[in-house]
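Engineer:
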């Protein structure tokens, strides 16, 4: 990760990149109330560099209303997956941007109302007619008032009404396909004097200066990551000079810098940011060259360690190769290397990992620890569309996972281990609580995924209310805790004889314990009850779903052309160690 | 000619610096468009630590005009 390149770089790079044709392309549209040259070039290059193939559509200058309201518009033909609507205060308020206080006090609420409804109308029409996510920028709070120091003492002041418009919009779209991007976050991060250049504004109605377009587009990338499901799940951390100042093996427990002094504070702040991400569902792991006993003592006993041993899902403190450790962490946590971020202060380690494991995101951590906390707060790679209950409970789940692993290592016979686990699987029809999670699973699950079809929330919701589909999910728990909703299947009822498995997946944390067999059993039982004779499924190979490759065959499906077929009069093996609870 | 200026132009417009001279303008250089002109100005302002006035910007019709502004701002040829 480097500091931001300038716009010239993106404009030129955009001319040279060629889509790799990795299948489905992400369709990104830009609509705006000002000049937005340079946005589409920048986002194409950024996507390309992250391995996302995209194509873009840029609406003509200030045509956003027509594009959304007129069903013959280019936007409708384009069929976007993500649409960015860049609004701005000057445009929305028009003359009132300058003359707000000439409006009689009593007339002001009506104006707020009109403005809010104008924007809502566009958003709602969009939601009705497009499958795309719509990201709308909130309005910038002006940094000037003719009332000067009296602005804040004035009722229904200009600032107050803009806050009100923003809040109304935020409240209207808490849970929908519309996302409000807090433009004031961008302004406060970089400063209006930087992002707004009067010369460019007067010359070409450019409202985000060319110098800051790459940084603005970077803010939007969070949505791109979330929608394309390529989010990072796990942060792997070095210890010495990464989580604390100094080297434990040389400085000792009492002399490492992790306390109330300038250097120590920078590490504490960094740890607090990591802890907050961990509570939100980001997995933490350690990869450090150290004597295990020295380093673990700090983690267990140092009073200023914000991160405790239980916050780490996997700990590798040894003298092994860092790349080997990273691979082992990926294996033990059952996640892809491409969902990992690596923090290490040593530039040689950074380079080594970057070279050896290009899919791991290696953070370009500088020598100066005062930058660490800021670096992590500027990362967009952790964004997901919706934080589900599973996310916030993930820490506890991985702790359970660690304990499962310990039991597995202790019990020599795998079947005995499974029996001791007391696994319970609850099968549920999709409902409003589970639909966001089901969508998230289809977007994120790579390994045990027979078809790897990615579905947004509204698609899952449409399937679940359709008479031609069955959408169910499984919640898995055992004696070490609740794993949450970790598996799902979508069945297409083709006709009275045949069902087709559209989607069948299980989170990699759970696979290999018989839950996948239980899920297939459910489908077959259900099919029998409905008088269905055949169940057909496809295995669509990807770079990652090898673990599911032989699944159909193992369960007795027979290959017919590209399909695997199961005749429901046959018996299917059913794991005995799992208790099934049906909530239909 | 100012070599550093030519390097910047070459980089921003992504053209070989041999294609640039004081008479270069949007008509005879297709890589020069109305938008990347602003990006060019950003780069020049940063690299030479100067700020163009709005009327100066509007009067830049060819590369030679930028060098005239340099003289006014006391930027030395490098």
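Protein chains in written order, with our numbering: chain A, 1 to 584; chain B, 585 to 662. Even for Gly, the Cβ is constructed at its ideal location relative to N, Cα and C.
Who does residue 475 (chain A) pair with in a DSSP beta bridge?
Structural biologist: Taking the first residue of the first chain as 1, we reach residue 475 (chain A) at position 475. Residue 475 (chain A) pairs with A:426, A:485.
Engineer: Let me check understanding here. Comparing Cα to Cα, which of A:475, A:452, A:526 lies closest to residue 543 (chain A)?
Structural biologist: As a working note, residue 543 (chain A) is residue 543 in the first chain. Closest option to residue 543 (chain A), Cα to Cα, is A:452.
Engineer: Is there contact here, the stretch 562-571 of chain A with the stretch 517-535 of chain A, by at least three beta-carbon pairs under 8 Å?
Structural biologist: The stretch 562-571 of chain A vs the stretch 517-535 of chain A: in contact.
Engineer: Drop a sphere of 10 angstroms on the beta-carbon of residue 364 (chain A), count the other beta-carbons inside from all chains shown, and report buried for 16 or more, exposed for fewer.
Structural biologist: Taking the first chain and counting its residues from 1, one reaches residue 364 (chain A) at position 364. Exposed, since its Cβ has fewer than 16 Cβ neighbours within 10 Å.
Engineer: Let me make sure I understand the geometry here. Which of A:190, A:92, A:237 has the alpha-carbon closest to that of residue 219 (chain A)?
Structural biologist: Along the first chain, one-based indexing puts residue 219 (chain A) at 219. Cα-wise, what sits closest to residue 219 (chain A) is A:190.
Engineer: Cβ of residue 623 (chain B) less than 8 Å from any chain A Cβ?
Structural biologist: The residue labelled residue 623 (chain B) in the question sits at position 39 within the second chain. Answer yes: the Cβ-Cβ gap between residue 623 (chain B) and chain A drops below 8 Å somewhere.
Engineer: Provide the residue(s) that pair with residue 162 (chain A) in DSSP beta bridges, ordered along the chain.
Structural biologist: By one-based count along the first chain, residue 162 (chain A) stands at place 162. Answer is none; residue 162 (chain A) lacks a bridge partner.
Engineer: Please report the Cβ distance between residue 214 (chain A) and residue 4 (chain A), rounded to the nearest whole angstrom; I am assuming they are in contact, meaning their Cβ atoms lie under 8 Å.
Structural biologist: Residue 214 (chain A) sits at position 214 when you count from the first residue of the first chain. Residue 4 (chain A) sits at position 4 when you count from the first residue of the first chain. About 5 Å separates the two Cβ atoms, so the contact holds.
Engineer: Just mark residue 2 (chain A) as buried or exposed, buried being the case when its beta carbon has 16 or more other beta carbons within 10 Å.
Structural biologist: For the purposes of this step, residue 2 (chain A) is identified with residue 2 of the first chain, where counting begins at 1. Residue confidence is low: residue 2 (chain A) scores 46 on pLDDT, short of 50, so the model does not pin down where it sits. Its coordinate-derived value is still stated next. The residue in question, residue 2 (chain A), is exposed, as its Cβ has fewer than 16 Cβ neighbours within 10 Å.
Engineer: Anyone know if the C-beta pair for residue 599 (chain B) and residue 613 (chain B) falls short of 8 Å?
Structural biologist: Residue mapping note: residue 599 (chain B) aligns to position 15 of the second chain, counting from 1. Residue mapping note: residue 613 (chain B) aligns to position 29 of the second chain, counting from 1. Going by C-beta atoms, residue 599 (chain B) is nearer than 8 Å to residue 613 (chain B).
Engineer: Within the same chain, show all residues whose beta-carbon is closer than 6 Å to that of residue 33 (chain A), passing over the 5 residues directly before and after it, in chain order.
Structural biologist: To locate residue 33 (chain A), count along the first chain from 1; it is residue 33. 62, 87, 88, 91.
Engineer: List, in chain order, every chain A residue whose beta-carbon is nearer than 7 Å to that of residue 596 (chain B).
Structural biologist: Your numbering for residue 596 (chain B) matches position 12 in the second chain. Under the 7 Å cutoff, chain A gives 8.
Engineer: Pick helix, strand or coil for residue 287 (chain A), following the three-state DSSP scheme.
Structural biologist: Against the first chain, residue 287 (chain A) aligns to sequence position 287. Three-state result, residue 287 (chain A): strand.
Engineer: Give the secondary structure of residue 248 (chain A) by DSSP, where H, G and I count as helix, E and B as strand, and everything else as coil.
Structural biologist: Here residue 248 (chain A) is taken as the residue at index 248 of the first chain, counted from 1. Three-state DSSP puts residue 248 (chain A) in a helix.
Engineer: Answer with buried or exposed for residue 502 (chain A), where buried requires no fewer than 16 other C-beta atoms within 10 angstroms of its C-beta.
Structural biologist: Working through the first chain from its first residue, we reach residue 502 (chain A) at position 502. Residue 502 (chain A) should be labelled buried.
Engineer: 8 Å is my cut-off, CB to CB: does residue 620 (chain B) come that close to chain A?
Structural biologist: Looking up residue 620 (chain B) in the second chain gives position 36. It does; some Cβ of chain A falls within 8 Å.
Engineer: Rounding to the nearest angstrom, what Cα-Cα distance links residue 624 (chain B) and residue 123 (chain A) in this structure?
Structural biologist: Within the second chain, residue 624 (chain B) is the residue found at index 40, counting from 1. Within the first chain, residue 123 (chain A) is the residue found at index 123, counting from 1. If I take the Cα positions, the gap works out to 36 Å.
Engineer: Can you tell which of A:299, A:297, A:311, A:356 has the C-alpha that lies nearest to the C-alpha of residue 325 (chain A)?
Structural biologist: On the first chain, residue 325 (chain A) is found 325 positions in, with the first residue counted as 1. Selected option, being the one with the closest Cα: A:356.
Engineer: Compute every distance between the C-beta of residue 312 (chain A) and the non-hydrogen atoms of the ligand HEM, then say whether any falls below 7 Å.
Structural biologist: As for the ligand HEM, it is missing from this structure, which has no ligand bound.
Engineer: Would you say residue 12 (chain A) faces chain B, with C-beta separation under 8 Å as the test?
Structural biologist: Taking the first chain and counting its residues from 1, the one referred to as residue 12 (chain A) is at position 12. Yes, contact with chain B.
Engineer: Give me, in chain order, the residues of the same chain whose beta-carbon lies closer than 8 Å to that of residue 479 (chain A); leave out the 5 immediate sequence neighbours on both sides.
Structural biologist: As a position in the first chain, residue 479 (chain A) is number 479, starting the count at 1. So the qualifying residues of the chain are 420, 421, 422.
Engineer: Going along the chain, which residues of its own chain have a beta-carbon closer than 7 Å to the beta-carbon of residue 178 (chain A), five neighbours each way excluded?
Structural biologist: For the purposes of this step, residue 178 (chain A) is taken as the residue at position 178 of the first chain. Excluding sequence neighbours, residue 178 (chain A) sits near 123, 127, 134, 136.
Engineer: Given a cut-off of 8 Å on the beta-carbon distance, is the pair residue 234 (chain A) and residue 161 (chain A) in contact?
Structural biologist: As a working note, residue 234 (chain A) is residue 234 in the first chain. As a working note, residue 161 (chain A) is residue 161 in the first chain. Going by C-beta atoms, residue 234 (chain A) is not nearer than 8 Å to residue 161 (chain A).
Engineer: Thinking just about the alpha-carbon of each residue, which of A:223, A:514, A:224 is nearest to the one in residue 572 (chain A)?
Structural biologist: Locating residue 572 (chain A) in the first chain gives position 572, where the first residue counts as 1. It is A:514.
Engineer: Could you check the C-alpha separation between residue 257 (chain A) and residue 315 (chain A) for me, to the nearest Å?
Structural biologist: In the first chain, the residue the question calls residue 257 (chain A) occupies position 257. In the first chain, the residue the question calls residue 315 (chain A) occupies position 315. Cα to Cα, the separation comes out at about 21 Å.
Engineer: Please check if any C-beta of chain B sits within less than 8 Å of the C-beta of residue 512 (chain A).
Structural biologist: Counting from one through the first chain, the residue named residue 512 (chain A) turns up at place 512. Not closer than 8 Å to any Cβ of chain B, the Cβ of residue 512 (chain A) fails to qualify, so no.
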